[in-house]
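Visitor: Residues in the sequence shown are numbered from 1486 upward in steps of one, following our numbering.
C-beta: ideal position from N, C-alpha, C; glycine also.
Dropping a structure here in structure tokens format, bear with me for questions.
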Amino acid sequence: MNKNVTSKEELVAAALEIAREEGVHKVSIRNIAHKCSISVGVLYNYFPTKADLIFAVVSHFWETSSSMLQDIHVKDNCFTQYVELFYHQINVSLSDFQREWLTQMETMAPEDKERGKELELQCFSRLKFLLLQVLSSDPSIPASAWSEEYPKDEFIDFVFWHMVQMLRTGQKDCTFFVKTLQRILY
């Protein structure tokens, strides 16, 4: 057990591999240390608690998802097409991840749950920023659609809130929602 691990990323990758091969219930500090051929003490230098490890994995998930969402390109920067693809991508990504990793967060201590909420808000902020960028670059939406009383950022909050609610209830199809956005915007 004298191998040197040079990054948290390697440890997160090992945790994900264990979860994929053996199930998320097998992800533990001891199993990750064994997989990476390091001592438990070395792993604790990177992640002082299992909660820290879980947060790193959840963070990795959202960073990967954000990266995939940034790579979505739609014809003519159409916001509603982007929303549809965005929703589908998040839905697919979450279906596997949510069942396993997010349930781990439910069993955490209250102070760790609070840290989890902060992490979630940071991730959601990045996702909303992506939506705002596409909304702002859609040439089909007239500038007159926005005003001080009806700002873009509040519209994005509205869109994102509804998408999160649909995801939480397991709704696979967002067609009606997208049609509603089309009626509002175009």
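1. I1575: buried (16+ other C-beta within 10 angstroms of its C-beta) or exposed?
2. Could you tell me whether the stretch 1538 to 1554 touches the stretch 1592 to 1601, where touching means 3 or more Cβ pairs closer than 8 Å?
3. Does M1593 come out as helix, strand or coil in the three-state DSSP assignment?
4. For S1544, which residues of its own chain have a beta-carbon under 8 Å away from its beta-carbon, when the five flanking residues on both sides are left out?
5. Counting C-beta neighbours from all protein chains within 10 Å, is the total for V1644 16 or more, i.e. buried, or is it exposed?
6. Within 10 Å of its beta-carbon, does V1568 have 16 or more other beta-carbons around it, so buried, or fewer, so exposed?
7. So N1562 and D1623 are in contact, right, with Cβ under 8 Å, and what is the actual spacing, rounded?
8. Below 7 Å CB to CB, which residues in the same chain sit around L1501 once its five sequence neighbours on both sides are set aside?
9. Are the Cβ atoms of L1670 and A1630 separated by less than 9 Å?
10. Which same chain residues end up closer than 7 Å to R1611 when comparing Cβ atoms and leaving out the 5 residues on each side of it in sequence?
11. Which stretch, first to last residue, makes up the alpha helix (DSSP H) that contains E1548?
Guide: Put simply:
1. I1575 is classed as buried because its beta carbon has at least 16 other beta carbons within 10 Å across all chains shown.
2. With the cut-off at 8 Å, the stretch 1538 to 1554 and the stretch 1592 to 1601 touch.
3. In the structure shown, M1593 sits in coil (DSSP, three-state: anything other than H, G, I, E or B).
4. The answer, listed in chain order, is L1604, C1608.
5. When all chains shown are included, V1644 counts as buried.
6. Buried is the call here.
7. With a Cβ gap of about 5 Å, N1562 and D1623 count as contacting.
8. Contacts found: V1542.
9. Yes, the pair counts as a contact, with Cβ atoms nearer than the cut-off.
10. Closer than 7 Å at the Cβ level, and outside the excluded window around R1611, lie S1551.
11. E1548 -> alpha helix (DSSP H) spans 1535 to 1555.
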